[in-house]
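Participant: In full-length UniProt numbering, the protein residues as written are 1 to 1051.
Glycine included, C-beta positions come from ideal geometry on N, C-alpha and C.
This one's a predicted model, so the numbers in the text were calculated from it and none came from an experiment.
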């Protein structure tokens, strides 16, 4: 450890310059003004201490580590370790460089530094099919629908266009043709059933957006992929979508987003989140929804606002003219009016029916008029449609060559088709050619993209083919085909599709292997999709695999964030966790057993709010994680590796959460050193993870711990890091809490303007997001009112807040009640209302079981203040002297400083000035390194006399300068706090007569008594009388103390 330096280079707030002090204050000198003099001074010394502008301090030492001359290093003791930084050679040691190194000491040491990986697009382990982001290829023959195009051309007057009609009415073709005709670029997403998972839905949409603008919505995507990753607090979809909306707002428009097949979405959370998204869609963007039914949006409100344009089946039906045009294109001749009328009676403008009619007629080589005579003329449309579909199978499918029929039936279960996939499923080599031929022939196959040759069957055609395949080929054959498709999907990294096909083939064992592979590979859970897979597996299969037991327990616990699990579900969760735990214990997989304990810790915390039980489970989890780490060490040949490298993927997050639960409890109990160690360990693990969703929370907690320990500058840096991470993640909750943390620090540093700005910024964030930290913001504002001397305003704010906290159901908000009561009691004492303060303390006593260590300390200090206010000085001293060693052991810095200040008051009241000054100097010595000010200034004018008595005897210049700056603040006439009634009632300065003021002015100027007598033309005895009266009125004991007080009084 570096030796104590005899020289100090420090930033002087008073001089607004760097100053240099040596072994004796008499050797004080300014920093050498030119570089050569500075270098010469450095050559003559071996070390010095440096105090930066921000208050960071470290030792600078010269070391002869190279043959070609000395090098300089910086040392700082931190958390019982000595940190070291290389500074360079003497020529490198500029003041600006020393400041830069001071900032580096706020960061982890180089040996501990973790280089965060560059932000890359987070994604599921399963890639998304690019074909979903392309509209289907338009058919060669189109009926141009000019009247509908004209309506669509007004899209910029609306936020949304809703096109809803039954299958086959041409919804997709209409929008696709309009976009092509108007040459409008669009973000296109063809939805599927998996998009009922909110993560999957928004991941699809963001993925489509990123094809238009790389990086668009990247922050939202990162948050989205960690949204349902237990055991994290479930993030609000609105918060995530706000980030995406902000990105879209910054883009140059206009832009159109098309969601096709929206009728497949049945999940209310997707509907609600999309409604929110549409309500806040930037004006340069427009969304088009294509669906078979009316979606559950607030359409009445949107219609009233005029923000939605709608197209229904009535609008999409072909007119007589359009029907004629279509038949002419398909038949090659102009149909008769009677034919057109007959078709209209049968189909009512149904576009798909028209195409089926024409294809059916073509297959039997007759014209449409002749074909119509074979049907039930004038039959009800539903009856006709069924007969048409039956005819569709017999006349279209069965008229295809046998190999082509077999190909169609064998591929009917595939949601999307491409040549290589169909080759594997059908065991042939020409699938790509067949698909191209089917598309050219118009046999209800749509091309989804131009590049990778993905297709899909028309939904009606696909459903008919699959029914026919089950009838002709049989379930067993379809299972074999599905198995082949599953293998192909797995080989090409499409694990979700591989699982779907494995389940379709009823190959449960293969599905289990793939589900476990997907769960571990992506380290996140898409709960609704996962639930859909597990629901298809028999319970006996799920319970035979511990990973699936954990997944199912996760689903049951977290699938509905609005409702707590029912008793039956809780019993099911417990049973699943027990089976998983037993299986992993039997396998010797101790880290996974740790996950089960961590899961239980989280459940207890969320459901029962039982901190003690949660901590017990979390500590048990840490034991298993550490055992797994020890086992890895014992079997590893590597020299070193991190905890995260030896733990299986999927367990890391639970390890970090366990550290967080135990660390939070350590802080609650006042074991701040332990809390800091655990949180730093969690931080080191988090920084090695690809996902960073923990960072802001860990930084925030570290800032809180450092604040309690009195490491204010370190705390400020952690809050700054929280702001950076939370801001990039659009995490308004952590962002606001970090701002409030900075506000508290600014108040402690007596920068009340900055504190007010931080509070206002936090309030703006919370107003826009309606998050739970709003109560903490109101509390911080009340504290600020107290710091400003607005006692009545602060009390009113706290009274209102307290009423809200008593009735709220938010458990986290209720935890704030003790802090509110503590501040309320402090304000009542400042206002001289001992009875009201006593009532607040009584309420605090009733909450004793829930109080944190800091809250108990604050309560006891308040009790000592109440003793003082009631004239019970000895009781106050006894309580404070019993409390101080406890607070010191817990390292609660502000509490130590406050107790020492109060002891200084107490002994001054007991006429023991030497003891009083010793306590006050101890408080100053502890406070000045981190710049504590408010803890002194809140005591008001009561401290002036004590400072005036103490400061002349302080030899250390830095400490004396610090005390003088506090005294100056206390005596400043503009200080609002001076109007705050004090707990103590020292004798105020008696008014000085004009002659006494003249004597004091000359005394401060350095005149002797004789010189004062000569100057004022009075006797020396008269001067001595004036000086004696001055000592009495100023409350000082000697000339030096009178000088200090007079210097401030006369400015």
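Counting along the chain, where does the alpha helix (DSSP H) carrying residue 311 start and finish?
Facilitator: Where residue 311 is concerned, there is no enclosing alpha helix (DSSP H), although the beta strand (DSSP E) it sits in stretches over 308–311.
Participant: With burial defined as no fewer than 16 other Cβ atoms inside 10 Å of the residue's Cβ, what is the status of residue 437: buried or exposed?
Facilitator: Counting Cβ neighbours within 10 Å, residue 437 comes out exposed, since fewer than 16 surround it.
Participant: Going by the CB atoms, is the gap between residue 496 and residue 196 shorter than 8 angstroms?
Facilitator: Going by C-beta atoms, residue 196 is not nearer than 8 angstroms to residue 496.
Participant: Considering only residues of the same chain and omitting the five flanking positions on each side of residue 577, which have a CB-CB separation below 6 angstroms?
Facilitator: 553 and 596
Participant: According to DSSP, residue 59 sits in a beta bridge with which residue or residues?
Facilitator: 49 and 75
Participant: Please report the straight-line C-alpha distance between residue 1127 and residue 696, rounded to a whole angstrom.
Facilitator: This structure leaves residue 1127 out entirely; the chain is present only between 1 and 1051.
Participant: Below 8 angstroms between beta carbons: does that hold for residue 488 and residue 511?
Facilitator: no
Participant: Pull up the DSSP beta-bridge partners for residue 21, would you.
Facilitator: 8
Participant: Would you tell me roughly how many angstroms separate the C-alpha atoms of residue 1092 and residue 763, rounded to the nearest one?
Facilitator: Because the chain spans 1 through 1051 in this model, residue 1092 falls outside it and cannot be assessed.
Participant: Look at the alpha carbon of residue 916 and the alpha carbon of residue 821, and state the distance between them as a whole number of angstroms.
Facilitator: 30 angstroms
Participant: Could you compute how far the alpha carbon of residue 290 sits from the alpha carbon of residue 219?
Facilitator: Cα-Cα distance, rounded: 28 angstroms.
Participant: Which residues does DSSP list as the beta-bridge partners of residue 163?
Facilitator: 290 and 311
Participant: Which residues in the same chain have their Cβ closer than 7 angstroms to the Cβ of residue 284, if we skip the five residues on either side of it in sequence?
Facilitator: 253, 254 and 255, listed in sequence order.
Participant: Distance, Cα to Cα, residue 574 vs residue 550?
Facilitator: 10 angstroms
Participant: Closer than 6 angstroms by C-beta to residue 1025: which residues in its own chain qualify, once you throw out the five before and the five after it? Chain order, please.
Facilitator: none
Participant: Is the number of C-beta pairs between the segment 299–314 and the segment 260–271 that are closer than 8 angstroms three or more?
Facilitator: no
Participant: Assuming residue 162 and residue 310 form a contact by the criterion Cβ under 8 angstroms, report the distance between their Cβ atoms to the nearest whole angstrom.
Facilitator: About 5 angstroms; that satisfies the 8 angstroms criterion.
Participant: Using the Cβ count rule (16 or more neighbours within 10 Å means buried), how would you classify residue 901?
Facilitator: buried
Participant: So, with DSSP's three-state summary, where would you put residue 219?
Facilitator: helix
Participant: Just to confirm my understanding: we take residue 205, look at its own chain, exclude 5 residues before and 5 after, and list those with CB closer than 7 angstroms. What are they?
Facilitator: 189
Participant: Check whether the segment 680–687 touches the segment 708–717, taking contact to mean three or more Cβ pairs, one atom from each stretch, closer than 8 angstroms.
Facilitator: The segment 680–687 makes no contact with the segment 708–717, as fewer than three CB pairs between them are under 8 angstroms.
Participant: Skipping 5 residues on each side, what residues in its chain have a beta carbon closer than 8 angstroms to that of residue 727?
Facilitator: 735
Participant: Cβ atoms of residue 51 and residue 10: under 8 angstroms apart, would you say?
Facilitator: Yes, these two residues count as a Cβ contact at 8 angstroms.
Participant: Which one or two residues does DSSP pair with residue 457 in a beta bridge?
Facilitator: Note: residue 457 sits in a beta bridge opposite 445.
Participant: Of the choices 288, 248, 174 and 397, whose alpha-carbon is the least far from that of residue 315?
Facilitator: Residue 174 is the option with its Cα nearest to residue 315.
Participant: Rounded to a whole number of angstroms, what is the C-alpha to C-alpha distance between residue 797 and residue 891?
Facilitator: Approximately 31 angstroms between the Cα atoms of the pair.
Participant: Express the C-alpha separation of residue 453 and residue 182 in angstroms, rounding to a whole number.
Facilitator: Here the C-alpha atom of residue 182 lies approximately 25 angstroms from the C-alpha atom of residue 453.
Participant: Could you give the residue range of the alpha helix (DSSP H) that holds residue 663?
Facilitator: Element bounds for residue 663: 652–668.
Participant: Could you check whether residue 313 and residue 165 sit closer than 8 angstroms to each other, using their CB atoms as the reference points?
Facilitator: yes
Participant: Assign residue 699 to one of three DSSP states: helix, strand, or coil.
Facilitator: helix
Participant: With distance defined between alpha-carbon atoms, name the residue in 158, 222 and 214 nearest to residue 1082.
Facilitator: This structure does not reach residue 1082, given that the chain is present from 1 up to 1051, and the question cannot be answered.
Participant: Excluding the 5 residues flanking residue 136 on each side, which residues of the same chain have their C-beta closer than 7 angstroms to its C-beta?
Facilitator: 172, 176, 446, 447 and 448
Participant: Strictly by DSSP, which residues pair up with residue 190?
Facilitator: 260
Participant: So, helix, strand or coil for residue 507, using DSSP?
Facilitator: coil
Participant: Could you give the distance in angstroms between the alpha-carbon of residue 793 and the alpha-carbon of residue 785?
Facilitator: 7 angstroms
Participant: Which runs of the alpha helix (DSSP H) at least 4 residues long sit entirely within the segment 525–582? Give them in chain order.
Facilitator: 527–535, 539–543 and 546–558
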